[in-house]
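Visitor:
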DNA sequence: TTATTTAGTTTCATATCAAAACCATAGGTT
DNA sequence: AACCTATGGTTTTGATATGAAACTAAATAA
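Chains as they are written, first to last, in this note's numbering: chain L, 1 to 161; chain S, 162 to 322.
1. Return no unless some Cβ of chain S is closer than 7 Å to the Cβ of residue 54/L.
2. Measure from the alpha carbon of residue 198/S to the alpha carbon of each residue in 238/S, 249/S, 169/S and 274/S, then state which is nearest.
3. Roughly how far, in whole angstroms, is the beta-carbon of residue 207/S from the beta-carbon of residue 99/L, given that I think they are within contact range, below 8 Å?
4. According to DSSP, simplified to helix, strand and coil, what is residue 93/L?
5. To the nearest angstrom, report how far apart residue 17/L and residue 6/L are at their CA atoms.
6. So which residues on chain S does residue 78/L lean against when the C-beta distance must stay under 7 Å?
7. Out of 34/L, 136/L and 61/L, which one is the CA nearest neighbour of residue 284/S?
8. Which residues of chain L have a Cβ atom closer than 9 Å to the Cβ of residue 211/S, listed in chain order?
9. For chain L, check one thing: does any of its Cβ atoms lie closer than 7 Å to the Cβ of residue 150/S?
10. Could you check whether the Cβ of residue 45/L sits closer than 7 Å to any Cβ belonging to chain S?
11. Are residue 32/L and residue 96/L close, meaning C-beta to C-beta below 7 Å?
12. For chain L, is any of its Cβ atoms less than 7 Å away from the one on residue 222/S?
13. What number of angstroms, rounded off, separates the C-alpha of residue 13/L from the C-alpha of residue 118/L?
14. Kindly indicate which three-state DSSP category residue 259/S falls into: helix, strand or coil?
15. Tell me the residue span of the alpha helix (DSSP H) that contains residue 54/L.
16. Alpha carbon to alpha carbon, how far is residue 142/L from residue 270/S? Give it in angstroms, no decimals.
17. State the CB to CB distance for the pair residue 218/S and residue 189/S, rounded to an integer number of angstroms; the pair is presumed to be in contact (CB under 8 Å).
18. Does residue 268/S pass the burial test, meaning 16 or more other C-beta atoms within 10 Å, or should it be called exposed?
19. Answer yes or no: do residue 70/L and residue 288/S have a C-beta to C-beta separation smaller than 7 Å?
20. Quick one: list the residues of chain S neighbouring residue 97/L, beta-carbon separation under 7 Å, in chain order.
21. Which of the three DSSP states is assigned to residue 33/L in this structure?
22. Of the residues 43/L, 129/L, 102/L and 134/L, which one's Cα is nearest the Cα of residue 176/S?
23. Under 7 Å between beta-carbons, which chain L residues line up against residue 166/S? List them in chain order, please.
24. Give the straight-line distance between the Cα atoms of residue 307/S and residue 171/S, rounded to the nearest whole angstrom.
25. Can you give me, in chain order, the residues of the segment 113-135 of chain L that have a beta carbon less than 9 Å from any beta carbon in chain S?
26. Would you decide whether residue 74/L is buried or exposed? Buried here means 16 or more other CB atoms lie within 10 Å of its CB.
27. Taking only beta-carbon atoms, is residue 83/L less than 7 Å away from chain S?
28. Where does residue 114/L sit, in a helix, a strand or coil, going by DSSP?
29. Rounded to a whole number of angstroms, what is the C-alpha to C-alpha distance between residue 201/S and residue 227/S?
30. Within 10 Å of its beta-carbon, does residue 221/S have 16 or more other beta-carbons around it, so buried, or fewer, so exposed?
31. Residues in the same chain with beta-carbon distance under 7 Å from residue 211/S, minus the five sequence neighbours each way, listed in chain order, please.
32. Do you know offhand how far residue 121/L's Cα is from residue 216/S's?
33. What separation, rounded to the nearest whole angstrom, lies between the Cα atoms of residue 8/L and residue 19/L?
34. Could you tell me which residues DSSP puts in a beta bridge with residue 143/L?
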């Protein structure tokens, strides 16, 4: 995995990456969202080493992104299924996918296309919006440090930052 | 970085992760979005080893997520600034942050709050929507493989996947 | 029953990462 | 000018994660 843990950081991004920031995690989640449920599915799709896949799957189960459930078709094996927490990562997956489509697309075009099933239309860009649905400009986004911040031993000297 | 490269994969998520999937990359981008511009800012904020920070910054510059520009205040040093590509990662950053706020928040609450500057309101969840702005249910999202897929030597046997 | 998948585990070589020490230059101080 | 400290690195070294291959036990298929 990694050497330094993000889990003690207060930042939600860091805390999220602690769960899904390993090299393969997000690709595994993507596959799960596309219907992969069994070890062999992930393995075939990703070309990942089996021991690494085992580790990543276990991490995701530990993090309650995936859960192991009995096979849906009555066989004895277990399957990996997204939890609600896992499904709730959809915006992350989609945002990554759309950014890639836009900026670093494969010469042959993207391998996966995200649509609105009910219309067959291409999904619009996932983007910050107001309650009204109106898309926001980045300039209107504020990212402010929350009030309490006892961790900061060093007084923020506002040194031209 | 890693051993196996994602860059030859056709999947846009993999290709995106090739740019921003390293352990610290997304946290560096987050800091850049919050105004960090100098080596020391990132270092102080992240507690990252300097050589690692150097590597990550160079990767991000190579990937055109950040660019080095002369200091705005007339000093000789250079600063790191988000490119358009980099700023366009905002939905990824926000989605990660919101997921973390919801599912794995720090006991003291999140350290950063994302707002709509023009109203001071809390930013609604970044989520897939129709052109109309209407929020979608995940069940209405289709993730389909695009047509051409010459890579697949193994005929998809549709083996209960 | 026997053969083949599947879902791992173990071992080992290699690649990547972080920590600490070191260094050159820029800017500040006297 | 002379000195001192902060900045932005690089180098070295040790720890950790990864991938490939071989192995195994259980589940499934023939």
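All residues carry an ideal CB built from backbone N, CA and C; glycine is no exception.
Please read all numbers here as calculations on a predicted model, not as lab measurements.
Guide: According to the data block:
1. The beta carbon of residue 54/L does not come within 7 Å of any beta carbon belonging to chain S, so the residue lies off that interface.
2. Measuring from the Cα of residue 198/S, the nearest candidate turns out to be 238/S.
3. Between residue 99/L and residue 207/S the Cβ distance is about 22 Å, and since that is not below 8 Å, they are no contact.
4. Look at residue 93/L here: in three-state DSSP terms it is helix.
5. When rounded, the distance between both Cα atoms is 7 Å.
6. Result: empty, since nearest Cβ-Cβ is about 14 Å, beyond 7 Å.
7. With respect to the C-alpha of residue 284/S, the residue from 34/L, 136/L and 61/L having the closest C-alpha is 136/L.
8. Taking a Cβ-Cβ cut-off of 9 Å, residue 211/S has no neighbours in chain L, whose nearest Cβ is about 14 Å from it.
9. Outside the displayed range of chain S (162 to 322) lies residue 150/S, so it cannot be described from this structure.
10. For residue 45/L, the closest Cβ of chain S is not nearer than 7 Å.
11. Judged by beta-carbon spacing, residue 96/L lies beyond the 7 Å limit of residue 32/L, meaning their Cβ atoms are not closer than that value.
12. With 7 Å as the cut-off, residue 222/S does not count as an interface residue toward chain L.
13. Taking the straight line from one Cα to the other gives about 32 Å.
14. Secondary structure at residue 259/S: helix, using DSSP grouped into helix, strand and coil.
15. First-last of the alpha helix (DSSP H) with residue 54/L: 50-62.
16. When only Cα atoms are considered, residue 270/S and residue 142/L end up about 18 Å apart.
17. Contact holds; Cβ gap of about 7 Å.
18. Residue 268/S comes out exposed.
19. Residue 288/S sits away from residue 70/L, with the two beta carbons spaced by 7 Å or more.
20. The contacting residues are 173 and 174.
21. Residue 33/L falls in the helix class under three-state DSSP.
22. Looking from the CA of residue 176/S, the closest CA among 43/L, 129/L, 102/L and 134/L belongs to 102/L.
23. Below the 7 Å Cβ cutoff, chain L contributes no neighbours of residue 166/S, its closest Cβ being approximately 11 Å away.
24. Straight-line Cα distance between these residues: approximately 10 Å.
25. Going along the segment 113-135 of chain L in chain order, one finds 113, 114, 115, 116, 117, 118, 119, 120, 121, 123, 124, 125, 126, 127, 128, 129, 130, 131, 132, 133, 134 and 135 with a Cβ nearer than 9 Å to chain S.
26. Counting Cβ neighbours within 10 Å, residue 74/L comes out exposed, since fewer than 16 surround it.
27. Residue 83/L is outside the set of residues whose beta carbon lies under 7 Å from a beta carbon in chain S.
28. Here residue 114/L carries a strand assignment [DSSP, helix/strand/coil].
29. Each residue's alpha carbon lies about 16 Å from the other.
30. With 16 or more other CB atoms across the displayed protein chains lying within 10 angstroms of its CB, residue 221/S is buried.
31. These residues qualify, in order along the chain: 204.
32. Their backbone Cα atoms lie some 41 Å apart in a straight line.
33. Answer to the nearest angstrom: the Cα atoms are 13 Å apart.
34. Per DSSP, the beta-bridge partners of residue 143/L are 275/S.
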